[in-house]
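Residue numbers (our numbering): 27 to 480.
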RNA sequence: GACCCCAUCGUCUAGCGGUUAGGACACCAGCCUUUCACGUUGGUAACACGGGUUCGAUUCCCGUUGGGGUCGCCA
């Protein structure tokens, strides 16, 4: 083993604050984070806010919040969305807008070496004319010859005439200054990399190891851009997805554990993630599988976390979970946890626990027929005296009432369900009645019995 | 237009010269069942095409086609 100093992995995620976090960007961040955690390295967040036309603290906050939501903690980088604000780490500033002196210094060094020249007020880099070969961690050896456009003039601007440095330059300078050892980024940067390598050579420093990961495409194979549904990470946050599920699904896009593993906790993903298993082909985003994955994580989510994730969605539906006893809320949510695919489905599924307004719609009301009235009444009277008022006892009681009436349990279940919840679908009837409690259950049954006259 | 990357069921993928080409999602059918969902059993479904190399190609090489990316004083 070499010393920690020489072998320490330093990777970074360097997004531009565009106002949203692209799902592909989130996956890039995830791969870098996983690699850092797997190797015991350092994960750095750097904000590429060189284009001030589209920068705002709000846009930066979207990135920070998205990463936090996914659970991708960074070891170095900003701790607030303010470029001039606090940060963590010794290699800052972590906002490019705060690093102009550094860029100027390197531009000056290049000028002294004759690697650049001035033309029309801008600083141009003398690009290498020969083909450059790159050893990509994912794609292997790649040799790139100049395109016809570049053959005409391969040089490119590194500092604009207004004095602002451009992406290729700042990206390289920052990776150099921050001691980045591995760059895992989208394949859309593969062609750019040859410029970056040339820049590193001119700067007299060895480039980091590059690995270009395949892109995430739309379901139909087209390029996923900001307008496409599901392209923004915020969608998953707003639609009630479990962050661990998003991480799990995303890691399976462009990386493979090489066995049949699908559902994995993050700790296991970290343990197994490594660069050789990164795939080379673009992957399409499959929303149906994302939903399935979400269900798999949702069903075993600890109740406290489920309650936390569900609270804003209930609030949006006009229900304040905080107004109810925590144990009651968690017991209620537990009965629905394995029944919905997304947390957004929870309020409609569980609203009857938190409101007495359970008037059925016309379709559900059709279950409240006069023919079932005697059986429902008989059950109601049995429940009044039932001890204990538990799900098992309620089940036995309902089955007895059904048998007495000469009907199948299911024929009694539906009117009772509509009476208690106002809906045809919902959690297990016996469990929900037990949680509702005797008093409320009887009150709702009485209300329904009155309606069962025609 | 030029350059670069890529190509196994509809989708995500396993496979690294000889397999009945495996798994997952989705879909279909049966079973289970208090609705819904789950679970369970089974099923439909793939090596883009053409040349090589080889005793033998999904696998290696070349080409074609197709998809994606890049060639900015955007990032």
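For glycine and all other residues, C-beta sits at the position ideal for the given N, C-alpha and C.
Would the beta-carbon of residue 420 fall within 7 Å of that of residue 456?
yes
Check whether the region 403 to 423 touches the region 450 to 470, counting contact only when three or more Cβ pairs, one atom from each stretch, lie closer than 8 Å.
yes
I need the DSSP call for residue 430, collapsed to helix, strand or coil.
helix
Would you mind sorting residue 161 into buried or exposed? The rule is 16 or more other CB atoms within 10 Å of its CB.
exposed
Report the three-state DSSP secondary structure of residue 317 (helix, strand or coil).
helix
By Cβ distance below 6 Å, which residues in the same chain neighbour residue 51 in space, the five residues on each side in sequence not counted?
41
I need the DSSP call for residue 449, collapsed to helix, strand or coil.
coil
Ordered along the chain, which non-local residues of its own chain (more than five positions away) have a Cβ less than 6 Å from that of residue 104?
113 and 120
Nearest-angstrom Cβ-Cβ length linking residue 439 and residue 424, presumed shorter than 8 Å
7 Å
Distance, residue 45 Cα to residue 92 Cα
11 Å
Cutting at 8 Å between CB atoms, please list the residues of its own chain near residue 183, excluding the five before and the five after it.
148, 149, 150, 151 and 192
If distances are taken between C-alpha atoms only, which option among 377, 53, 312 and 207 comes closest to residue 448?
377
In chain order, what residues of the same chain lie with their CB nearer than 7 Å to the CB of residue 308, ignoring the 5 residues before and after it?
240, 241 and 243
Rounded to whole angstroms, what is the Cα-Cα separation between residue 314 and residue 320?
10 Å
Does the pairing of the region 129 to 149 with the region 188 to 204 give three or more beta-carbon distances under 8 Å?
yes
Range of the contiguous alpha helix (DSSP H) that encloses residue 325
No alpha helix (DSSP H) contains residue 325, which DSSP labels as neither H nor E.
Looking only at C-alpha atoms, which of 357, 390, 371 and 157 sits nearest to residue 463?
357
Span separating the alpha-carbon of residue 154 from that of residue 288:
45 Å
Does the distance from the CB of residue 207 to the CB of residue 36 come in under 7 Å?
yes
Can you tell me whether residue 51 sits near the ligand SAM, meaning its C-beta is under 6 Å from at least one heavy atom of the ligand?
This structure lacks the ligand SAM; in fact it carries no ligand of any kind.
So, at 8 Å on beta carbons, what are the nonlocal neighbours of residue 224 in its own chain, with the 5 sequence-adjacent residues on each side left out?
151, 153, 154 and 158
Which of the three DSSP states, helix, strand or coil, is assigned to residue 287?
coil
Curious, which full-length alpha helix (DSSP H) runs of at least 4 residues does the region 72 to 109 contain?
83 to 96
Within 10 angstroms of its Cβ, does residue 248 collect 16 or more other Cβ (buried), or is it exposed?
exposed
Per DSSP, what kind of secondary structure is residue 120 in: helix, strand or coil?
coil
For residue 266 versus residue 124, is the C-beta spacing smaller than 7 Å?
no
Just to confirm the assignment, what range does the beta strand (DSSP E) spanning residue 143 have?
142 to 145
In the DSSP output, which residue or residues are listed as bridge partners for residue 266?
According to DSSP, residue 266 bridges with nothing at all.
Beta-carbon proximity list for residue 95, same chain, < 6 Å, skipping 5 on both sides:
263 and 269
Span separating the alpha-carbon of residue 108 from that of residue 83
6 Å
I need the straight-line Cα distance from residue 29 to residue 300, nearest angstrom please.
Reliability of the predicted coordinates at residue 29 is poor, the pLDDT of 46 falling under 50, and no value is obtained from them.
Simplified DSSP state of residue 57, which is helix, strand or coil:
helix
Measuring only the C-alpha atoms, how far is residue 362 from residue 229?
60 Å
Can you name, in chain order, every residue of its own chain whose Cβ lies under 7 Å from the Cβ of residue 236, other than the five neighbours on each side?
160, 162, 163, 209 and 219
Over the uninterrupted beta strand (DSSP E) stretch that includes residue 170, give me the two end residues.
166 to 170
What are the residues that DSSP puts in a beta bridge with residue 35?
DSSP, once it has assigned bridges, lists no residue as partnering residue 35.
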